[in-house]
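Let me begin by presenting the structure, written as structure tokens, before commenting on it.
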Amino acid sequence: MAEPPHAAESDYDSSDEAITITLTHRNTPHTFKFPSDGTITHLSEDVEDTLSIPPSNQKFIVPKLGLLKPPFKDPSMSLVALQDKKIMLMGVEAKEIASLQAASEFAAKRNAARSAARRQNRPSRRRDQGRAQADSTYTFLSVRPLAGLPHPERSLALLERLKEDPGIRASMRKHKFSVGLLTEMEPLSNTQSSHEGTTRLLGLNRNGGEVIELRLRTDAHDGYRDYKTIRKTLCHELAHNVHGPHDRNFWDLCHQIEREVDAADWKHGGHTVGQQSSYYAPGEDEEEEFEDHGGWEGGDFVVGGNAANNTKGLSRREILAKAAEERVKKMNMERRDGGKPDSGPSS
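All letters in the sequence shown, in the order written, are residues 457 to 803 by the working numbering.
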């Protein structure tokens, strides 16, 4: 027999006009009651008191309203707008984050120890020293999984695998790419559905290599996407370290990085013979045809350093539709120029 939803003890007096908010955290429903003048800030405070999740770790995903997280744009927003909505709460306790950081530090020390052991087991050469220095410079300076989702240690291991991938390391060393943070993208809040289908954001490059986000998980958070598909998305995002717009120069570099990564993979025994740019795909099982256009940050639409003024005032769906039209035009131009639009790996 299922247990009833948890009802939180609120500091507010109950009344006939009380607002009831029900949210789900880790598949468990929690119910909070507020007076008629309750605000989003009151909800955040009660979540902290009841679930021990500090505001800095709270993310509320609300249908139609999208992602809400402290500090809120409108701290006095009435909870009436959230009543009767299916709200998902993402967030972890402070002690869980400390445990995750400890696991990340342990993995970093382990990899450093392995690298040191490999260097000791081979002759010391100036070339090897130079390469080791390049590897420590032209790499991802830190990796971090997304807190609040199941099994963060698996995401951490996958991010570490991408960081240490021979092809990725070789390409970053060749092009002198240094990325501040490689992290995980939350899949649910980066998925858009309409009558035309579902569009998924696969990757995001913030400020020319300051942060790269990758979609590692499936939509339901219950599995992980194919490694080589994720790696190909990473190749795409690395190309945005140099080129923002998706022009001929960008695609040439993107495909060059893909070839370099595949070549290094083959050599190592693999089976494969200020600005924000993003990578979209139309479906989880249809990654052969990627829709590649702009990303989102703070409600503003940004396209790889080439912001379009004619998108102001449009809704997100209208902007995505407009970007899709531009993509078709671009593909036609590339074909006339003898180019080839980027495509993901076949399943």
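Positions of the beta carbon are idealized from the N, C-alpha and C atoms, including for glycine.
Note that this is a predicted model, so its numbers are computed, not measured.
Problem - Rounded straight-line distance, which links the Cα of L545 to that of Q648 - result: 19 Å
Exercise for the section: Kindly indicate which three-state DSSP category K565 falls into: helix, strand or coil? Expected result: helix
Handout entry: Own chain, CB closer than 7 Å to K619, minus 5 neighbours either side, in chain order
Key = T595, F596, V599, L638
Practice task
With DSSP collapsed to three states, give me the class of L657.
Solution key: strand
Problem - For L638, three-class secondary structure by DSSP - result: strand
Practice task
Given a cut-off of 8 Å, decide if S645 and L523 are closer than it, judged by their beta-carbon atoms.
Solution key: yes
Exercise for the section: Put H486 into one of helix, strand or coil per three-state DSSP. Expected result: strand
Exercise for the section: State buried or exposed for R482, treating a residue as buried only when at least 16 other CB atoms are found within 10 Å of its CB. Expected result: exposed
Problem - Chain-order list of residues whose beta-carbon lies under 6 Å from that of T497 (same chain, five-residue window excluded) - result: P531
Exercise for the section: Measure the Cβ-Cβ separation of G653 and E669 and say whether it is below 8 Å. Expected result: no
Problem - Minimum C-alpha distance to V518 - residue among H677, L535, L614 - result: Residue L535 is the option with its Cα nearest to V518.
Exercise for the section: With distances taken Cα to Cα, identify the nearest neighbour of R687 among K489, H607, H711. Expected result: H711
Practice task
For the alpha helix (DSSP H) holding T689, just list the boundary residues, first then last.
Solution key: 683-695
Problem - Chain-order list of residues whose beta-carbon lies under 8 Å from that of H677 (same chain, five-residue window excluded) - result: The answer, listed in chain order, is L605, P606, P643, L644.
Exercise for the section: Please list, in chain order, all residues of the same chain as D741 whose beta carbon is under 6 Å from its beta carbon, the five residues on each side excluded. Expected result: Because the pLDDT of D741 is 40, which lies under 50, any placement of that residue in the model is unreliable, and the question is left without a value.
Problem - Cα-Cα separation between E552 and N705, rounded to whole angstroms - result: Taking the straight line joining both Cα atoms gives about 44 Å.
Handout entry: Contained beta strand (DSSP E) runs [length at least 3] in the stretch 489-568, N- to C-terminal order
Key = 515-518, 522-524, 543-546
Exercise for the section: Could you tell me if D502 is buried or exposed, where buried requires 16 or more neighbouring beta carbons within 10 angstroms of its beta carbon? Expected result: buried
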